[in-house]
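K.L.:
I'd like to ask you about the structure that follows.
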Amino acid sequence: MNARTGSTVSRVSIVLALCAAACGGGGGNNGGPPPPPPKFTNASLSGQYAFSMSGTELCAGQGSLFARIGTFTADGHGNITKGLEDVNICTGMGILQFTGGRYSIDADGRGSLSLTNSSGTTNYSISLVSSAQGAVAETDATVTASGTFQRQNPGTFSNAAIAGGYVFDFQGVEVVGTAVDPVSIIGRFDADGAGGVVNGLYDSNIAGTLSGQQTFPAGTFYQMDTNGDGTTFGRGTANIAGRNFAFYVVDATRIKFVGTDFPSELVGEAFAQQNIAFNDSSLVGDYSFLIDGLNSSSPIATSGRFTADGVGNITNVIADENHNGAVTLLPVGTVTGATYVVDANRFGGGTLQWTDTTAGTFSFIFYLISPTQAVLQETDSGLVSDGVFTAQTATPITTASMAGDYAFVWSGVNSSGDEVDFAGQLTLDSSGGFSGLLDSNRFATTTSTQVSNALINGNLTLGGNGEGANTLNVTEVSPADTFHFTAYIVDQNRIFVVCTDTNRVLSGTLTRQP
Amino acid sequence: MQGRKAQVEARPAAVHARAFAYDAKRETVLEGTVVGYTESAQIAPTGAHATVRTASGDVDVHLGPASYLEAKHFSLAPGGQVRFAGVNAVVNGKDVFLARIAQKGSQVVAIRSPRGSLLANGAARLVTEAERVQMKQQGGAR
Chain A
24 MNARTGSTVS RVSIVLALCA AACGGGGGNN GGPPPPPPKF TNASLSGQYA FSMSGTELCA
84 GQGSLFARIG TFTADGHGNI TKGLEDVNIC TGMGILQFTG GRYSIDADGR GSLSLTNSSG
144 TTNYSISLVS SAQGAVAETD ATVTASGTFQ RQNPGTFSNA AIAGGYVFDF QGVEVVGTAV
204 DPVSIIGRFD ADGAGGVVNG LYDSNIAGTL SGQQTFPAGT FYQMDTNGDG TTFGRGTANI
264 AGRNFAFYVV DATRIKFVGT DFPSELVGEA FAQQNIAFND SSLVGDYSFL IDGLNSSSPI
324 ATSGRFTADG VGNITNVIAD ENHNGAVTLL PVGTVTGATY VVDANRFGGG TLQWTDTTAG
384 TFSFIFYLIS PTQAVLQETD SGLVSDGVFT AQTATPITTA SMAGDYAFVW SGVNSSGDEV
444 DFAGQLTLDS SGGFSGLLDS NRFATTTSTQ VSNALINGNL TLGGNGEGAN TLNVTEVSPA
504 DTFHFTAYIV DQNRIFVVCT DTNRVLSGTL TRQP
Chain B
8 MQGRKAQVEA RPAAVHARAF AYDAKRETVL EGTVVGYTES AQIAPTGAHA TVRTASGDVD
68 VHLGPASYLE AKHFSLAPGG QVRFAGVNAV VNGKDVFLAR IAQKGSQVVA IRSPRGSLLA
128 NGAARLVTEA ERVQMKQQGG AR
């Protein structure tokens, strides 16, 4: 048992003891109903999971972006039995096999995970959304990162299972000569079920320099590994948009990628695209979005919402942008020229923009996964920022309808400009109040700070009908801190958040637990 | 969608209507004396800031993550003479100089790429192969 696990047990023990005292003893002897079973246990993490994450590692005395994707198998009893990962770190690419590991899941879905390979053991905090997926944050002293994991379907570990259209979003840094610049690449392709790729289109943004829509150059392919790693771990390699990748299949609808063109670094995912001919009418209704990235003053996070009318017009634009502590709450002035165009080639790409008469013009490129979901890349002002937009709920939003348990992950930078990652869980009551627990890793080249089981509380305050900007204030008890977020509610199961504090940049997602 | 040949769509050129972008064409040189330095600014942009007294007044200079400067053994203290190349920008309504190159005496540190991206995000990827081998030997768990 590692130190963190021990701490978790202690915290739970204290809570249980306090509850027992307050409740006047256990229910068993009084003939009352037995307590409900815990929502999550070690058995909740069972099977094979693909993960992806990116973050900052300590390298030659300085912080450096890195990425890791891979797979681990949990036995349902606290043991990691096998796994494999690809890392893109400052010293190069690596493929590492997991020889062991441990995990522990608390009743609220939070837990710890350690993965052991030939180089040692890496440690993580995790927060389960369900037994099929969760959020992860690395908690090592010299490495911080965050990401997600999903249960794999080994029945899809074949070239034949990867067929049809896919939309992708990759983000990282491009190293050319002595220049290191942020890069975002989004696009789509058709996989032919036999390792071939056709109809590949992409848009890249390298430090604000836009490629315009490009076709994939020659040499594009995808191939499951033939050495056993393909059928065992769902691993393969690919050339997408002129870049080389390793990938891990979650299932036929979702694939995780890491770039292998070291010293450049890319990480992202591809999602199965609905097989329809997209046009302007594909985009209709309310949408929430969340994007993040880098710029000259690094970094930026933006969340918001808009309404599309199906014929090229955008209305009701509301957004919060935290650009390295410079916070813009849209609309500042009047929003004009809010339009979108879905590409005439009907592959689902398109452009979207609006102008705030005070804040300026915001422009984007998107690729539709379906009429309710897309990847999104900002293309103005030298920004390199990308993410998703997704259909917003059609049902009324109230604090009562949002009540429940949520797993969450946030990532960004603190006032020193160094990366911070958070993973946790909270329970919202019907009045918008909440409490929960938070794990964090605050990176520094001298002494990084890892905090486990920090108590948090606060309030979700809806603005108007809840479809616009809402307020989520989170108070961390120790170390004492208060985070001010704007929350954009996607639906009753998901909330996008962006921090509006001027001394840090944070964004993330809260996802309802069962 | 399979079987239909991809056609490339014309995209609008990048829009540069908003402030804060690093425009290399506007790069200037700033020289002066350090009168203040903080590693952890409570104002935007996040990161290290120096207040530099120049012939035309005090200037707020943004230097990116302090950890990067420390790794480069570059420190600033009041009274030191400094020289920066970079661009002026307006952040949250306040003027700030985004430094790309910092010089103190004979010590020169690159803070941003020619496009303005902070090198702190990946400068460690630029080391030589020999240094990389040494780093691998020193590295911990991956």
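Residue numbers (this note's numbering), protein chains in the order written: chain A, 24 to 537; chain B, 8 to 149.
Just so you know, even glycine gets a beta-carbon here, dropped at the ideal spot from N, CA and C.
1. Which same chain residues end up closer than 8 Å to I103/A when comparing Cβ atoms and leaving out the 5 residues on each side of it in sequence?
2. DSSP has C2/A in a bridge; who is on the other side?
3. Would you verify that the beta carbon of V134/B is, or is not, closer than 8 Å to some beta carbon of chain A?
4. Quick one: residues in its chain with C-beta nearer than 6 Å to the C-beta of G51/A, no 5 flanking neighbours on either side, listed in chain order?
5. Could you check the C-alpha separation between E136/B and Q144/B for me, to the nearest Å?
6. Bridge partners for C82/A per DSSP, in chain order?
7. Using the rule of at least 16 other Cβ atoms within 10 Å of the residue's Cβ for burial, across every protein chain shown, is T338/A buried or exposed?
8. Let me check you understand the geometry: is the CB of S471/A closer than 7 Å to at least one non-hydrogen atom of the ligand SAH?
9. Measuring only the C-alpha atoms, how far is F519/A from P205/A?
10. As a quick exercise: from P58/A, G93/A and R133/A, pick the residue whose alpha carbon is nearest that of Q536/A.
11. Could you check whether the segment 310-327 of chain A touches the segment 340-347 of chain A, counting it as contact only if at least three pairs of C-beta atoms, one from each stretch, sit closer than 8 Å?
12. Give me the chain A residues within the contact set of R33/B, using Cβ-Cβ distance strictly less than 9 Å, ordered along the chain.
13. Is V15/B close to chain A? Criterion is C-beta to C-beta, closer than 8 Å.
14. Going by beta carbon distance, what residues of the same chain come within less than 8 Å of S69/A, once the five residues before and after it are set aside?
15. Of all the residues that make up the segment 58-85 of chain B, which are near chain A by a beta-carbon distance shorter than 7 Å?
16. Helix, strand or coil, according to DSSP, for A51/B in the structure here?
17. Since D102/B contacts D67/B with CB under 8 Å, what's their CB separation in whole angstroms?
18. Comparing the C-beta of I118/B with each C-beta of chain A, is any distance below 8 Å?
19. If we define contact as Cβ-Cβ less than 8 Å, is I388/A a contact residue for chain B?
20. Could you list the residues in the segment 224-238 of chain A with a C-beta less than 9 Å from some C-beta on chain B, going in chain order?
21. Roughly how many angstroms lie between the CA atoms of S63/B and A57/B, to the nearest whole one?
22. Is L125/B close to chain A, meaning its C-beta is less than 8 Å from at least one C-beta of that chain?
23. Out of S311/A, G410/A and S304/A, which one is the CA nearest neighbour of S207/A?
24. With distances taken Cα to Cα, identify the nearest neighbour of F431/A among S148/A, Y363/A, G78/A and T254/A.
25. Would you give the residue range spanned by the beta strand (DSSP E) that S408/A belongs to?
26. Mind checking if I108/B is an interface residue toward chain A, Cβ cutoff 8 Å exclusive?
27. In angstroms with no decimal places, state the Cα-to-Cα distance between E38/B and P72/B.
28. Going straight from the alpha carbon of A90/A to that of F466/A, what length do you get?
29. Pop quiz: W377/A and G531/A are said to be a contact at Cβ under 8 Å. What is the actual Cβ separation, rounded to whole angstroms?
30. Which of helix, strand or coil does DSSP assign to V140/B?
31. Can you list, in chain order, the residues of its chain whose CB lies under 6 Å from that of T45/B, leaving out five sequence neighbours each side?
32. Taking the straight line between their C-alpha atoms, what separation do you get for S458/A and M425/A?
33. How is F81/B classed by DSSP in three states: helix, strand or coil?
34. Return no unless some Cβ of chain B is closer than 8 Å to the Cβ of R517/A.
35. Measure from the C-beta of Y44/B to each C-beta in chain A and report whether the shortest distance is under 8 Å.
36. Among T283/A, A230/A, T380/A and T418/A, which has the Cα closest to the Cα of P121/B?
P.N.:
From the atom records:
1. The residues are F95, T96, A97, F121, G123, G124, R125, Y126, L136, S137, L138 and T139.
2. This structure cannot settle anything about residue 2/A, because the visible part of chain A is limited to 24 through 537.
3. So yes, V134/B belongs to the interface.
4. The pLDDT assigned to G51/A is 41, lower than 50, so where the model puts this residue is not dependable, and the model offers no usable value.
5. So the alpha carbons of these two residues sit roughly 13 Å apart.
6. Answer is Q85/A, bridged to C82/A.
7. That one is exposed.
8. With respect to the ligand SAH, the structure shown offers nothing to examine, as it has no ligands at all.
9. Their Cα atoms are separated by approximately 23 Å.
10. Comparing Cα positions, the closest option is R133/A.
11. Judged by Cβ distances under 8 Å, the segment 310-327 of chain A makes contact with the segment 340-347 of chain A, as three or more pairs qualify.
12. The premise fails here: R33/B is roughly 12 Å from chain A at the closest Cβ pair, so nothing lies under 9 Å.
13. Chain A contact via Cβ: present.
14. Short of 8 Å from the beta carbon of S69/A, and not among the five residues preceding or following it, lie these beta carbons of its own chain, in chain order: A97, D98, G99 and S154.
15. Residues of the segment 58-85 of chain B whose Cβ lies closer than 7 Å to any Cβ of chain A, in chain order: H69, G71, P72, A73, S74, Y75, E77 and A78.
16. The three-state reading of DSSP puts A51/B in coil, since its state is none of H, G, I, E or B.
17. Rounded, the Cβ-Cβ distance is 7 Å, consistent with contact.
18. Closer than 8 Å: no.
19. Closer than 8 Å: yes.
20. The segment 224-238 of chain A vs chain B, Cβ under 9 Å: L224, D226, N228, I229, A230, G231, T232, L233, S234, G235, Q236, Q237 and T238.
21. Between the alpha carbons of S63/B and A57/B lies a gap of roughly 16 Å.
22. True, the Cβ-Cβ gap to chain A drops below 8 Å.
23. Just measuring C-alpha positions, the residue of S311/A, G410/A and S304/A sitting nearest S207/A is G410/A.
24. Selected option, being the one with the closest Cα: S148/A.
25. Where S408/A is concerned, the enclosing beta strand (DSSP E) stretches over V407 to A414.
26. Chain A, which has no Cβ nearer than 8 Å to the Cβ of I108/B, makes this no.
27. So the alpha carbons of these two residues sit roughly 21 Å apart.
28. Using only the alpha carbons, I get a separation of about 16 Å.
29. Not quite, the Cβ-Cβ distance comes to about 24 Å (not below 8 Å), so this is no contact.
30. V140/B falls in the helix class under three-state DSSP.
31. Taking T45/B as the centre and dropping the five residues before and after it, the same chain places the C-beta of H56 closer than 6 Å to its C-beta, in chain order.
32. Between the C-alpha atoms of S458/A and M425/A there is a straight-line separation of about 14 Å.
33. Secondary structure of F81/B (DSSP, three-state): coil.
34. By this cut-off, R517/A is not an interface position.
35. Using beta-carbon distances, Y44/B does not count as an interface residue toward chain A, since no partner is under 8 Å.
36. Just measuring C-alpha positions, the residue of T283/A, A230/A, T380/A and T418/A sitting nearest P121/B is A230/A.
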